[in-house]
Structures are given as C-alpha cells and as structure tokens.
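Right, one structure below, let's go through it.
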Amino acid sequence: MRRNLLVCCIGLLTVASGVHAAGTPGDYAYAYPLTVVPGAPAYLVDLPADAYTWARRDASLADISVVDADGRDVPFGRYTDAPPSPTPVEVSARLLPVPAVADGAPGARIQRNANGDIVIDPGKASAQAGPRDWLLDAKRSITLDALEFAPQSSDASITVNVEASNDLQHWELRAAEEPVISLKRGDDSVDQRTVRVGGEPARYYRVHLTQGDAPWADADAAAATVKLTGQFLDTTTAADQRRQWLDVPTSTPTPLATTAGTTYEFRLKAALPVDSVRVSLGDSDSVARFDVSTFDEASGVVQSMGEVSVTRVGGVDARPELSFQAARTQIIRLRTPVALRQPPKLSVGWTPDRFVFLPEGRAPYKLLVGSYMARRASYPVDDAIASLRSRNGDSWTPAESKVGTREDASGPAALEAPKVPYDWTRPLLWVVLIAGAALVAGMAISLLRKPRAP
C-alpha cells in the first residue's frame, strides 16, 4: 500500500517543460533566394529593405536565418568589418610663407576656405623682416613620418621646429630644433634635408625657423616645396559606402500644432536602421530650425536625435545632414517652433544590416525572415571569419551574395503566436488530486472501522 501511495505522489508532482527550437523553413514567413559564386569560403548577405517589414522588432533580427537546399541551417551571423589598414602616402606640398608683421600690429590671419585650403591674410606686414613660419597643406589628415626639403642651389644650415594642426588654430609640436644642412664641398658634401616627425594624424603642418635663413625664401617654386611621407588611414567604413537614402513623404499633411510648436510626422514603410536624416524646405519657406525625434508606437517612447537648421536661398536648399546612432525606426518627427507655409521634406539615410554565412550543405541557399517561434542558433561566425582573415590577409573579405525576389514560406501566419490547444493537464491534475484524496480518506476510514485486536 505504501508503494502504491509513493507512485501516486510521483505522478502528481511530474511537470512538463518546453524549449525554443532553432526552427525549420516552415517556421518562417518569407524566403529570399541567394545567388552565390561557387567556391568561396564565406558569403555576405545585406538585408533587403522589405525584410525589415517581416523581421519582428522584439527578436532583434534573431528571427533571420540561412538554410541550404535541404532546409538545414548553415552557420550564419552578423558580419563585422575588418579595421582599416593604413596606406602609405607621399605628398608634394608648397611652403606657404606667413608674413612677419610690423611691431604693434596684429598677426597675420590664417583660415580655411570651404575646401579646407589655407587662406593667409597678411595684415600689416613688416617691410624689413622676412617670414619665419611656413605652412604646409597635406590635403587630408595623414600620419607624417618624415618631411624632406627640396634641394637648394646654395649652401644652407638651419634648424627648424615642425608643428601639426587640424584646424590652423591649435598647434602641437612634433619635432624640435631639427637640423637641415646642405653643403656642397666635393667629397665632403653634407646633404641632410629630412626631418623625422611622427605623432597623431593631421592635415596642416607648420615649419618654424629657429636658426639661420631659409634658403627657399627667394628661390623658385621647386625649391619652396617639401615632400611629405607618411600614412593615410581611410576612416570611411564599408557601412558608410553602403548607406542608402530614402525620401519619406509626410504622414501629417496637416501638422500637429501645440504650444511647443508645429510637428510633422513621417512614417517609413518598415522599421529601418536609420542613422542620419536630411531636411529641406518647401518653395515658400526660407529658413527653419527643427528638433528631430523618433517615436515608437509600441512603447510610446519619444527619442530626441538632435537639432538641425535649414535654409533655402535662391531656390537652393543647403540640406544639412544630421547623423546619430543607428536604430530601427519607423516614425520620425520634425518639430519647429514657428509655423511653415509648406511641410518640410525628409530623406533618411540607412545602412542595411550585414550578415555572413558559411556554405555548408548543398546550394542553392535561402535567406529566411520573420518568425514568432524560431530563433537563429548562435554560431561562432566571428572566430571563423578571423581565421579566414589570418589565412588570406587582413584585406580579405567574404564574397557577396545576390538577394533574390521574396517568396512565401509560411506567410504572415508565421509571425503570429500559434494557437495553443486546450490544456487538459490542469483539469486532469485536479481529478487525480481529488481521486488521490478520496483514496487516502477511504483508507483512513477503513482503518478506523476495523476492530482492534483483543
């Protein structure tokens, strides 16, 4: 009897548990055929714009996967671009003299034009003193390793300081009291025209003469040039090159007017990873300032992204660009403190999320998007890509795949919560509990009625 009671208790305490499955093609809403060049060890996949319509916001793009011809998952995950590598660069730059000024007069005014070129306003120059400073424009920010002066027609022995700047206002010393010597003495000639520099990247450099007279001051243009040797680091990422711009019509032809100003709302067709906006004015407006924000309908959260001022002069828009951290956004609001005659125009910049997969199994491969239940397995894709880079060189990148036209997998039904069948375990549990209690009560009553032994 005790054995039967133990079995009954174990049955009452048994509980079932469920787990998230990786999913099958039938668990996803849509599929995109992928065209690849055979033989590559890895392939890149850029998400098409309409894929963001089906990828669930709460899944953080984990409801996206790639399968082979047999419907089996292949290693797939986000792709991280390799860090940029420095490129050797050699630039010939002209020495631009900064005029010495008369006693008591303000110094020369140095500034940049719209292209970044150096503009020197000499002010009231000194009639007697020659320049002691010369400016160099490398045309882009470089890490300067060495500065080599041009050969001179006459002997020279000077010392110089070399300074660097990115704005022509703030200067940093890079080389101090460096000798520059050019002496023609037959077999005893000395030709030391190179100055080692180093330091952080900068576009502008200044040569300050600390001792001697500059031999290039009255020479021809060839003598007044220097060769800049260093490295250039291209900070333009692959994501910047892949950025796309999309014009978004306003969804509020009649703006929302409040005490804080006038708000225009723009709705994208899908929640894209927006990272920048451009705003322009209608033909009847000339200047306005906008507060740019995003609105999440699900949570009701308004996120401020920044402020932008827009002008329209002579029918031409300045179209300033506001950049911010990329985030999936579907609704963007522009609020201006003054009323406009016409709604503004908005363009959004977005960069498709980039993934990579390793070609296991048989082609063709398909990109699966959108699922309520399925979530992509976590593959060590980063380790695999790092191994391929170490084998093929830092400049190696996976081959690109071509994303085809969307096909139905299970359709929109895969995005909805599955219908849960009626859970019979709860009433069954109560029946078992009541039956067990009745059994125990019956046993107790029978024991009480049983006469005691004499």
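Residue numbers for the sequence shown, in this note's numbering: 1 to 454. We treat Cβ as the ideally placed atom computed from N, Cα and C, and that holds for glycine. Note that the coordinates shown come from a computational prediction; the quantities given were computed from them, not determined experimentally.
Three-state class that DSSP yields for residue i in the structure shown
i	result
residue 336	strand
residue 73	strand
residue 359	coil
residue 460	As shown, the chain starts at 1 and ends at 454. That puts residue 460 outside it, with no answer to give.
residue 323	strand
residue 390	helix
residue 289	strand
residue 443	helix
residue 96	strand
residue 425	helix
residue 61	coil
residue 176	strand
residue 434	helix
residue 273	strand
residue 146	strand
residue 169	coil
residue 318	coil
Limits of the beta strand (DSSP E) - the one that residue i falls within
i	result
residue 350	345-350
residue 366	365-369
residue 112	109-112
residue 119	118-121
residue 65	64-67
residue 230	225-232
residue 247	244-248
residue 416	No beta strand (DSSP E) holds residue 416; DSSP gives it neither H nor E.
residue 379	From DSSP, residue 379 is part of no beta strand (DSSP E); its letter is neither H nor E.
residue 31	30-35
residue 194	194-196
residue 43	43-46
Cutoff 7 Å: residue i Cβ touching any chain B Cβ
i	result
residue 377	The structure shown contains no chain B; it holds only a single protein chain.
Beta bridge counterpart(s) of residue i as assigned by DSSP
i	result
residue 205	136, 164
residue 157	181
residue 309	289
residue 331	267, 295
residue 88	231
residue 78	355
residue 408	30
residue 303	294
residue 191	182
Element boundaries [alpha helix (DSSP H), containing residue i]
i	result
residue 54	51-54
Inter-residue CB distance, residue i and residue j (contact presumed, cutoff 8 Å)
i	j	result
residue 198	residue 277	Rounded, the Cβ-Cβ distance is 40 Å, inconsistent with contact.
residue 368	residue 25	6 Å
residue 67	residue 45	With 8 Å as the limit, residue 67 and residue 45 do not qualify as a contact, their Cβ atoms being about 12 Å apart.
residue 474	residue 108	There is no way to answer for residue 474, as the model of the chain reaches only from 1 to 454.
residue 195	residue 156	Not confirmed; about 13 Å, so no contact.
residue 274	residue 308	Not really, about 14 Å apart at Cβ, beyond 8 Å.
residue 133	residue 206	6 Å
residue 404	residue 70	19 Å between Cβ atoms; not a contact.
residue 272	residue 49	7 Å
residue 293	residue 302	5 Å
residue 312	residue 285	6 Å
Check whether residue i and residue j have beta carbons under 7 Å apart
i	j	result
residue 228	residue 204	no
residue 290	residue 250	no
residue 394	residue 85	yes
residue 79	residue 354	yes
residue 378	residue 28	no
residue 365	residue 34	yes
residue 247	residue 165	no
residue 268	residue 330	yes
residue 351	residue 239	yes
residue 63	residue 55	yes
residue 161	residue 225	no
residue 399	residue 37	yes
residue 460	residue 241	The structure shown does not extend to residue 460, since the chain spans only 1 to 454, so no value can be given for it.
residue 99	residue 388	no
residue 252	residue 339	no
residue 83	residue 141	no
residue 159	residue 148	no
residue 281	residue 306	no
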